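Quick notes on the structure that follows.
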Amino acid sequence: MVLINLWGDLMTLTKLSHKQKAKIKALTGPEPLRQRLVALGVLRGLQVSVAATSLLGNPRTYFIGKQQICLRNEEAGHIQVEVQA
Numbered sequence: 000m001v002l003i004n005l006w007g008d009l010m011t012l013t014k015l016s017h018k019q020k021a022k023i024k025a026l027t028g029p030e031p032l033r034q035r036l037v038a039l040g041v042l043r044g045l046q047v048s049v050a051a052t053s054l055l056g057n058p059r060t061y062f063i064g065k066q067q068i069c070l071r072n073e074e075a076g077h078i079q080v081e082v083q084a
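Numbering (numbering that gives the first Met the number 0), first residue to last: 0 to 84.
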């Protein structure tokens, strides 16, 4: 799958550092995974930041909108975000 970057610099959620905030721009990957992420409240346009990282770096907990969600890096790698200034 090729994403055409219309919004500036996109990166996956796994690349977000603890001090950065970003907006969700796209969900990629298989349809069942995208449906699961949407059911968890991972929606385009919501602000996201890193809440906590496990000792080995996987999984990580994120603030997404007004909730906290723990995602494995394999899942977070399918969430495209744009870092906010």
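All C-beta atoms in this analysis are idealised placements derived from N, C-alpha and C, irrespective of residue type, glycine included. It should be emphasised that the depicted structure is a prediction, and the values quoted were computed from it without experimental measurement.
Counting only beta-carbon atoms, is residue i nearer than 8 Å to chain B?
{"i": "GLY64", "result": "Judged by its chain identifiers, the structure shown contains no chain B, having just a single protein chain."}
Within 10 Å of its beta-carbon, does residue i have 16 or more other beta-carbons around it, so buried, or fewer, so exposed?
{"i": "LEU2", "result": "Note on LEU2: pLDDT 49, under 50, position unreliable in the model; no value is reported."}
{"i": "ALA51", "result": "exposed"}
{"i": "HIS17", "result": "exposed"}
{"i": "ALA84", "result": "exposed"}
Could you check which residue in the options has the C-alpha nearest to that of residue i?
{"i": "LEU39", "options": "LEU54, LEU70, ALA25, LYS20", "result": "LEU70"}
{"i": "SER53", "options": "ALA84, ALA21, ASN72", "result": "ASN72"}
{"i": "LEU12", "options": "GLN66, ALA84, VAL41", "result": "VAL41"}
{"i": "ARG43", "options": "LYS14, VAL49, ILE78", "result": "ILE78"}
{"i": "ALA75", "options": "LYS20, LEU32, ASP8, GLY64", "result": "LEU32"}
State yes or no: is the C-beta of residue i within less than 8 Å of the C-beta of residue j?
{"i": "ILE23", "j": "VAL82", "result": "no"}
Q) At which residue ranges does the region 7-61 contain complete beta strand (DSSP E) runs of 3 or more residues, listed in the order of the chain? A) 9-11, 20-26, 46-52
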